[in-house]
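**Student:** In the working numbering, the protein residues as written are 950 to 1071. Before I ask anything, let me first share the structure, which is written out below as structure tokens.
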């Protein structure tokens, strides 16, 4: 399965623990698609490695972290008032929100290989 919104970067520590990190920043029209991809990845991981989920430092095979943020952009138009020798700021109405989501998944070499294979993560 190829993911459209989540593009994972991979890093591995000296103990062989791998970490896949993905971030997607989208407008409101794509939020459900991003959340759907996150759901697919995590549902697969829990289905196949559910009993092994938990803090790696406690001996578990894999763990994850989810985060989200919503931001609004407020455009400011600047112009220089020559007569009064100052910069004047005009604020416009806020634009559409931007939703940014991150998913980090860390795990053992076997878990990482299975995740990589299932979602074609290269």
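Note that CB positions come from ideal geometry on N, CA and C, so glycine has one too. Being a predicted model, the structure only gives us computed values, none of them experimental.
Our contact map puts residue 986 next to residue 952 with C-beta atoms below 8 Å; I'd like the distance itself, whole angstroms only.
**Tutor:** Confirmed, Cβ separation roughly 5 Å.
**Student:** Which residue's Cα is closest to the Cα of residue 1065: 990, 1036, 1004?
**Tutor:** Among 990, 1036, 1004, the Cα nearest to that of residue 1065 belongs to 990.
**Student:** Please classify residue 964 as buried or exposed, where buried requires at least 16 other C-beta atoms within 10 Å of its C-beta.
**Tutor:** Exposed, since its Cβ has fewer than 16 Cβ neighbours within 10 Å.
**Student:** Skipping 5 residues on each side, what residues in its chain have a beta carbon closer than 6 Å to that of residue 983?
**Tutor:** Excluding residues within five positions, the ones whose Cβ falls inside 6 Å are 954, 973, 975, 1050.
**Student:** Round the Cβ separation of residue 1040 and residue 1025 to the nearest angstrom and send it over; I've been treating them as touching at under 8 Å.
**Tutor:** With 8 Å as the limit, residue 1040 and residue 1025 qualify as a contact, their Cβ atoms being about 5 Å apart.
**Student:** Suppose you measure from the CA of residue 1057 to the CA of residue 1014; what does that come to, to the nearest Å?
**Tutor:** Cα to Cα, the separation comes out at about 16 Å.
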